[in-house]
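Using UniProt numbering, the first residue of the sequence shown is number 1, and each one after it goes up by one.
Below is one structure, written out as structure tokens, with a few remarks after it.
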Amino acid sequence: MDGISVYIPLPSIGWSKCVFLYDLKALRVSISKQPPVRAVLSGTLTIPCHITYLRPLATSSTAGRRAVLGAPRIKWTFISEGKEAEILVARGQKVKVSEGYRYRVNLPFYPASPTDATLVLSELRSYDSGIYRCDVQHGIEDGHDLLQVKVKGVVFLYREGSTRYSYTFSKAQEACARIGAQIATPEQLHAAYLSGYEQCDAGWISDQTVRYPIQTPREACYGDMDGFPGVRNYGVVDPEDMYDVYCYVEDLHGELFLGTTPDKFTLEEAKSHCKELGAEIATPGQLYAAWNEGLDHCSSGWLADGSVRYPIVTPRERCGGSLPGVKTIFLFRNQTGFPDAQSRYDVYCFRVPASVRGLGTPSAWGCIPDHLG
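The following block contains the structure:
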């Protein structure tokens, strides 16, 4: 706000509106919030940032040495967990991009359109979630705006409980669909790897190749990378060969919650409990989507495929080790075997709130924390 209006009584003419101006800036910086910014793993993020001049800028005759320069200075900054990282700085034809964003970021309209500082960031990784700040300086005038972005989408390995490597290519696609997900693309798996994901298990990808992501090469986990980290690629494989599958899920489309009782539930009791609450037992895909949105429970619960899992965002003692992720209870050390259906655990249930049934779910969101606005 550039001023405040106050109505004061004047005896001769009645009420009069007086406007007291304060901190009247010559330019305003604004990030458009409509339509909502869409940010998904491996995708491209576009943040519209526009400069509006509210009054003439200072000239050499009014500002002396601080005279306005020909083009505004644009600076984009990324803020996460209280730490700031410079993305780029631009003035006119000169653009300096930080090393961590090289080849991924650009200003598509600036300087051809000097009032459009829109940022485009490609090949999104999960750690691109955070606050983006657009700073503009033109002579002695400056302004900024902020947008908080959540990169949605998670890649995960899926297999039948009984054994490793049990899917043909067509069965792999069906398995992902059955658990509320879809088979991952090469780009999604690569983005997950760049985000820190590692899995020493070969799995189908949507292009009929078989791959797996390795951060730390070791015995039996070398693949075709000659001892270097990366996504191992077996190339296009006979569709009747058998492997695990990498699935991808993006949106939850509802509410996922933990159901519990002192005696816990068998698998059938778990399904009945969810039904009594107006819900259904959740799928692994729904649990991964909820975890990606911040769900954290150190409680093992049944899922629709007969597996038992629990989501950990903040690693802690006795909660699945030192890394975040969706933890799975296996019977055997080679990570196979789901618990017996008569075993007793909590349950993860899923339901679509009545207020949004039939309305769909927003594909992304953007907001500004109150303390940064």
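Cβ atoms here follow ideal geometry from the backbone N, Cα and C, with glycine treated the same way.
Straight-line Cα distance separating Glu276 from Phe109: 55 Å
Under 8 Å between C-beta atoms of Tyr246 and Gly153: Taking a C-beta distance under 8 Å as the contact criterion, Tyr246 and Gly153 do not qualify as a contact pair.
Spatial distance of Ser98 from Val105 (CA atoms): 9 Å
Nearest to Gln282 (by Cα), restricted to the options Ser272, Thr266, Leu256, Val313: Gln is not the amino acid found at residue 282; the sequence shown has Ala there. Measuring from the Cα of Ala282, the nearest candidate turns out to be Leu256.
Straight-line gap, Val326 to Pro213 (C-alpha atoms, nearest Å): 17 Å
Gln137 in three-state terms, based on DSSP: Strand, per DSSP.
Coarse secondary structure for Ser16, derived from DSSP in three states: With a pLDDT of only 44 at Ser16, under 50, the local geometry of the prediction cannot be trusted, and no value is derived from it.
Pick from Ala177, Asp241, Leu147, Arg309 that is closest to Pro35, judged by C-alpha positions: Leu147
Identity of the residue in Thr260, Leu54, Ser195, Val149 nearest Cys298 by Cα: Thr260
Backbone secondary structure at Glu269 - three-state DSSP: helix
As assigned by DSSP and simplified to three states, the class of Ala90: strand
Nonlocal neighbours in the same chain, by C-beta distance under 7 Å from Ala184, ignoring five residues either side: Val155, Ile205, Ser206, Tyr246, Cys247, Tyr248
Three-way DSSP call (helix, strand, coil) for Pro213 in this model: Here Pro213 sits in strand by DSSP.
Lys271 beta carbon less than 8 Å from that of Arg344: no
Backbone secondary structure at Leu287 - three-state DSSP: helix
Whole-number beta carbon distance between Arg164 and Asp201, since they are thought to touch under 8 Å: 7 Å
For Ser129 and Lys150, believed in contact at Cβ under 8 Å, the rounded distance: 5 Å
Pairwise C-alpha distance: Pro284 and Arg333: 21 Å
Three-state class that DSSP yields for Thr62 in the structure shown: Low local confidence applies: a pLDDT of 47 at Thr62 is under 50, so the model's placement there is unreliable, and no value is given.
Helix, strand or coil at Phe332 [DSSP, three-state]: coil
Simplified DSSP assignment, three categories, for Gly278: Under the three-state reduction of DSSP, Gly278 is assigned to coil, being neither helix nor strand.
Assigned exposure category for Glu81 - 16 Cβ within 10 Å defines buried: Around the beta carbon of Glu81, a 10 Å sphere encloses fewer than 16 other beta carbons of the protein chains shown; the residue is thus reported as exposed.
Reduced DSSP category for Gln208 - H, G, I as helix; E, B as strand; rest coil: Gln208: coil per DSSP, three-state reduction.
Three CB pairs or more closer than 8 Å across the stretch 161-175 and the stretch 220-234: no
Element boundaries [beta strand (DSSP E), containing Tyr348]: 346-351
Contact check, Ala289 vs Leu323, beta carbons under 8 Å: no
Residue span of the beta strand (DSSP E) that contains Lys171, given as start and end: Element bounds for Lys171: not the beta strand (DSSP E) but the alpha helix (DSSP H), 169-178.
Own chain, CB closer than 7 Å to Gln208, minus 5 neighbours either side, in chain order: Phe169, Val236, Val237, Pro239
Residue 376 versus Ile87 - alpha carbon distance: Because the chain spans 1 through 373 in this model, residue 376 falls outside it and cannot be assessed.
Three-state secondary structure (DSSP) of Ser126: helix
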